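S.K.: Can you read through this structure? Questions will come right after.
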Amino acid sequence: MVYNVHDTARSSSVVLHTELPDDNDLDGKRDSNSFLYEQLVARKRLIMAAAGLLVVGVSIAVIASTTSSSDEASLTSGIAQTVATTTTTVAPAKAAEVASTYDGETSVGSNGVDNSVLTAPRYPYKDTKFDWLNIKEWQGDNDKDPSFASGGFQHDKIEVSTFGKPFNKSPVLRTKRGWSGEKILFVEWITYFGSDTNIWLLPTSLSSQFGDSRWPNCGEYDIYEMFNGDAAIGHSGTQNFFYGGGLDTFGQSTTHIASTHCFAPFFVQQPSVGSQAAQWPVRYHNKISMAVVFGRDGNGLFIQQILDPTIVDGADGTADIQGGTPADKMYNNANTYWGVKPEGACAAGHDPNGGYPFFGEFRLVFQEQFHGKFDITNIRVLAK
Numbered sequence: 001m002v003y004n005v006h007d008t009a010r011s012s013s014v015v016l017h018t019e020l021p022d023d024n025d026l027d028g029k030r031d032s033n034s035f036l037y038e039q040l041v042a043r044k045r046l047i048m049a050a051a052g053l054l055v056v057g058v059s060i061a062v063i064a065s066t067t068s069s070s071d072e073a074s075l076t077s078g079i080a081q082t083v084a085t086t087t088t089t090v091a092p093a094k095a096a097e098v099a100s101t102y103d104g105e106t107s108v109g110s111n112g113v114d115n116s117v118l119t120a121p122r123y124p125y126k127d128t129k130f131d132w133l134n135i136k137e138w139q140g141d142n143d144k145d146p147s148f149a150s151g152g153f154q155h156d157k158i159e160v161s162t163f164g165k166p167f168n169k170s171p172v173l174r175t176k177r178g179w180s181g182e183k184i185l186f187v188e189w190i191t192y193f194g195s196d197t198n199i200w201l202l203p204t205s206l207s208s209q210f211g212d213s214r215w216p217n218c219g220e221y222d223i224y225e226m227f228n229g230d231a232a233i234g235h236s237g238t239q240n241f242f243y244g245g246g247l248d249t250f251g252q253s254t255t256h257i258a259s260t261h262c263f264a265p266f267f268v269q270q271p272s273v274g275s276q277a278a279q280w281p282v283r284y285h286n287k288i289s290m291a292v293v294f295g296r297d298g299n300g301l302f303i304q305q306i307l308d309p310t311i312v313d314g315a316d317g318t319a320d321i322q323g324g325t326p327a328d329k330m331y332n333n334a335n336t337y338w339g340v341k342p343e344g345a346c347a348a349g350h351d352p353n354g355g356y357p358f359f360g361e362f363r364l365v366f367q368e369q370f371h372g373k374f375d376i377t378n379i380r381v382l383a384k
């Protein structure tokens with residue numbers, strides 16, 4: 001119940017007025033009724049004191065009620081402030097930068113918190129949701145049924161081995177479909193001792209991986225190619241530049257274009273070992289991942305390979321990669337044909353704008369080329 005101090009005081013004055021005698025009556029009776037007069041005055045003072053106490057009491061009650069309401073408001077304010085202080089505040093200088101990562105309007109919720117803080121950003125690539133653990137998405141060379149590899153398909157990985165064949169006759173396992181244009185291909189795997197792990201990209205135009213006269217003009221991109229199996233059959237492979245010598249401690253990425261007589265400039269700038277090649281570590285029994293970015297910037301089309309990046313997922317199925325150890329970008333433009341000068345044996349097929357061959361449709365290819373095995377533990381295909 002809420003008391004009105006002014007109303008209470010006004011009611012008390014009425015009570016006092018009705019109980020006191022009229023002043024004219026008092027003048028005529030002061031001598032004879034002095035005792036009664038003193039009693040009435042004393043009573044008046046007592047009632048006035050009581051009224052004063054009532055006013056004070058009501059005031060205290062009102063103050064207490066107000067204080068309680070204020071405390072509740074303060075507590076509520078404190079909670080709101082706590083929530084608000086957990087919200088990231090964007091300085092004016094950064095506003096344009098942050099705004100570019102959101103596709104939509106900023107709104108403020110009923111709790112005063114900027115709803116855009118709670119919304120995942122949109123990234124430039126769309127996850128294609130490639131169902132890589134589904135054997136129906138795969139085939140062998142010459143469009144062979146993938147049943148030869150059925151034992152390798154497990155609930156969370158694909159185990160790639162020679163599938164019961166001698167290592168020098170090991171079959172390939174490849175995706176039925178390919179991907180073209182601007183994209184990111186992300187592959188994660190584990191290599192085991194004795195393995196010669198090979199992860200490639202080949203154009204879908206090649207039904208047969210071997211013996212097609214269109215190779216290498218049609219293009220080949222080696223994401224990660226080991227060489228210890230090659231050495232076992234008499235191929236020298238290449239030199240280990242960063243990982244202690246030997247052919248079982250590194251994997252190499254490289255390209256094949258134009259003709260068998262097209263060779264890229266050589267230089268060593270880790271992880272790169274040339275304008276078209278880089279070398280990467282082997283981590284036996286531990287996961288390793290690669291992203292191959294097919295992109296475009298102010299210098300033209302490019303391919304860039306990145307070791308151990310992180311995939312970040314955004315709103316509406318969008319995604320991107322962050323971090324990792326990148327090799328140099330390999331450009332295709334008017335002056336460069338995927339890292340080499342477009343002249344002589346390296347001129348065939350050069351298309352500065354279309355990005356032949358690597359912006360065409362390429363598929364993933366896996367092959368174990370020695371006595372071991374490797375496990376594919378994740379594949380993501382992000383496309384624009």
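Numbering (the UniProt record's numbering), first residue to last: 1 to 384.
C-beta: ideal position from N, C-alpha, C; glycine also.
Keep in mind the model is a prediction, meaning the values are calculated, not measured.
Does DSSP put K126 in a helix, in a strand, or in coil?
M.R.: To locate residue 126, count along the sequence shown from 1; it is residue 126. Strand at K126.
S.K.: For L364, count the other beta carbons within 10 Å of its own beta carbon; 16 or more makes it buried, fewer makes it exposed. Which is it?
M.R.: Counted from its first residue, the sequence shown places residue 364 at position 364. Buried, by the Cβ-count rule.
S.K.: With three or more C-beta pairs closer than 8 Å as the rule, is the stretch 199-206 touching the stretch 310-319?
M.R.: no
S.K.: Give the secondary structure of F167 by DSSP, where H, G and I count as helix, E and B as strand, and everything else as coil.
M.R.: Along the sequence shown, read from residue 1 onward, the residue named residue 167 stands at position 167. Here F167 sits in helix by DSSP.
S.K.: Quick check on the burial criterion: 16 or more other C-beta atoms within 10 angstroms. Buried or exposed for H256?
M.R.: As a working mapping, residue 256 is identified with position 256 in the sequence shown. The residue is buried, with at least 16 neighbouring Cβ atoms inside 10 Å.
S.K.: With 16 other CB atoms within 10 Å as the buried threshold, where does R30 fall?
M.R.: For the purposes of this step, residue 30 is taken as the residue at position 30 of the sequence shown. Legend: pLDDT at R30 = 39, less than 50; position of this residue unreliable, value from coordinates given subsequently. Classification for R30: exposed.
S.K.: Let me check understanding here. Comparing Cα to Cα, which of T377, I223, A327 lies closest to F267?
M.R.: Walking along the sequence shown from the start, residue 267 turns up at place 267. Among T377, I223, A327, the Cα nearest to that of F267 is on A327.
S.K.: By the three-class DSSP mapping on this structure, what secondary structure does P281 have?
M.R.: Numbered from 1 along the sequence shown, position 281 holds the residue referred to as residue 281. Residue state, collapsed to three classes: strand.
S.K.: Within a Cβ cutoff of 7 Å, which residues of the same chain sit near G194, ignoring the five residues on either side of it in sequence?
M.R.: As a first step, residue 194 is located in the sequence shown; it is residue number 194 there, counting from the start. Here the set comprises F370, H371, G372.
S.K.: Can you grab the Cα-Cα spacing for the pair P309 / F186, in whole Å?
M.R.: Taking the first residue of the sequence shown as position 1, residue 309 is located at position 309. Taking the first residue of the sequence shown as position 1, residue 186 is located at position 186. If I take the Cα positions, the gap works out to 9 Å.
S.K.: V273 to P124, Cα distance in whole Å?
M.R.: Here residue 273 is taken as the residue at index 273 of the sequence shown, counted from 1. Here residue 124 is taken as the residue at index 124 of the sequence shown, counted from 1. V273 and P124: Cα-Cα distance of roughly 30 Å.
S.K.: Taking DSSP as the reference, what is the three-state secondary structure of K287?
M.R.: Locating residue 287 in the sequence shown gives position 287, counting from the first residue. Three-state DSSP puts K287 in a strand.
S.K.: Using 10 angstroms around the beta-carbon of K384, count the other beta-carbons present and answer buried if the total reaches 16, otherwise exposed.
M.R.: Taking the sequence shown and counting its residues from 1, the one referred to as residue 384 is at position 384. Exposed, because fewer than 16 other Cβ atoms sit within 10 Å of the Cβ of K384.
S.K.: Does the distance from the CB of G300 to the CB of N332 come in under 8 Å?
M.R.: As a working note, residue 300 is residue 300 in the sequence shown. As a working note, residue 332 is residue 332 in the sequence shown. Contact flag set, yes.
S.K.: Give every residue of the same chain whose Cβ lies closer than 8 Å to the Cβ of K144, excluding the five residues on either side of it in the sequence, and list them in chain order.
M.R.: Translated into positions along the sequence shown, residue 144 becomes position 144. Excluding sequence neighbours, K144 sits near P171.
S.K.: Would I376 and W189 qualify as a contact pair, given that the criterion is a beta-carbon distance under 8 Å?
M.R.: Numbered from 1 along the sequence shown, position 376 holds the residue referred to as residue 376. Numbered from 1 along the sequence shown, position 189 holds the residue referred to as residue 189. Their beta carbons are under 8 Å apart, which means I376 touches W189 by this criterion.
S.K.: Let's see if you can read the secondary structure: which residues bound the alpha helix (DSSP H) around N228?
M.R.: Here residue 228 refers to the residue found at position 228 when the sequence shown is read from its first residue. Element bounds for N228: 228-232.
S.K.: From what residue to what residue does the beta strand (DSSP E) around V273 run?
M.R.: Indexing the sequence shown from 1 puts residue 273 at position 273. Run containing V273: 272-274, per the beta strand (DSSP E) assignment.
S.K.: With burial defined as no fewer than 16 other Cβ atoms inside 10 Å of the residue's Cβ, what is the status of H235: buried or exposed?
M.R.: Locating residue 235 in the sequence shown gives position 235, where the first residue counts as 1. So H235 ends up on the exposed side.
S.K.: Would you mind stating whether F130 and V312 have Cβ atoms separated by less than 8 Å?
M.R.: Within the sequence shown, numbered from 1, the residue matching residue 130 stands at position 130. Within the sequence shown, numbered from 1, the residue matching residue 312 stands at position 312. It is not a contact, given that the beta carbons lie outside the stated cut-off.
S.K.: Alpha carbon to alpha carbon, how far is F210 from F167? Give it in angstroms, no decimals.
M.R.: Sequence index remark: in the sequence shown, residue 167 carries index 167 (1-based). Sequence index remark: in the sequence shown, residue 210 carries index 210 (1-based). Whole-angstrom Cα-Cα distance: 16 Å.
S.K.: Just list the residues that DSSP pairs Q369 with in beta bridges.
M.R.: Taking the sequence shown and counting its residues from 1, one reaches residue 369 at position 369. None; Q369 has no bridge partner.
S.K.: Quick one, which of L133, K176, F242 has its alpha-carbon nearest H155's?
M.R.: As a first step, residue 155 must be located in the sequence shown, where it is residue number 155. For the residues L133, K176, F242, the minimum Cα distance to H155 belongs to L133.
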